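**Q** Take this structure, written in structure tokens, and hold onto it; I'll ask about it next.
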Amino acid sequence: MSLQVTLKALADPTRREILNLLKRHRLSAGEISENFNISMAAVSRHLSILKEAELIRDHREGKFIYYELNASVLEEVMLWMTNLKEE
């Protein structure tokens with residue numbers, strides 16, 4: 001995944017808060033939406049952008065889809081930022 005897509009996804013405060021929620025444990029879209037004053041459609045769009053940037057993964061269980069943090073992409077961004085600082 002390109003760094004540009006990842007940084008664009010991280011630029012939005014709502015998406016960063018979603019990542020903060022998912023660092024504790026996996027959640028369904030409904031559970032995520034309970035933490036925001038935005039429509040379910042808006043939450044779904046944020047999740048789609050995070051998924052496109054590979055910052056989250058989803059798993060279907062029955063009729064629910066659960067989302068979890070994909071820390072490996074965040075580690076790549078942190079490594080890039082650390083290397084940038086060292087140069």
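Quick note on UniProt numbering: the sequence shown kicks off at 1 and runs consecutively.
All C-beta atoms, glycine included, are put in the ideal place defined by N, C-alpha and C.
Only a predicted model underlies this, so the values are computations on that prediction, with no experimental measurement involved.
Based on the DSSP secondary-structure assignment, which residues constitute the bridge partners of residue 58?
**A** In DSSP, residue 58 forms a bridge with 67.
**Q** Are there three or more Cβ pairs, one per stretch, closer than 8 Å when the region 14-29 is compared with the region 53-73?
**A** Contact between the region 14-29 and the region 53-73 is present, because at least three Cβ pairs lie under 8 Å.
**Q** Going by C-alpha to C-alpha distance, which of 23, 53 and 40 sits closest to residue 4?
**A** The shortest C-alpha separation from residue 4 is found at 53.
**Q** Using DSSP with H/G/I as helix, E/B as strand and the rest coil, what is residue 2?
**A** If DSSP states are grouped into helix, strand and coil, residue 2 belongs with coil.
**Q** What residue from 47, 2 and 40 has the CA that sits closest to residue 17's CA?
**A** The residue with the shortest Cα to Cα distance from residue 17 is 47.
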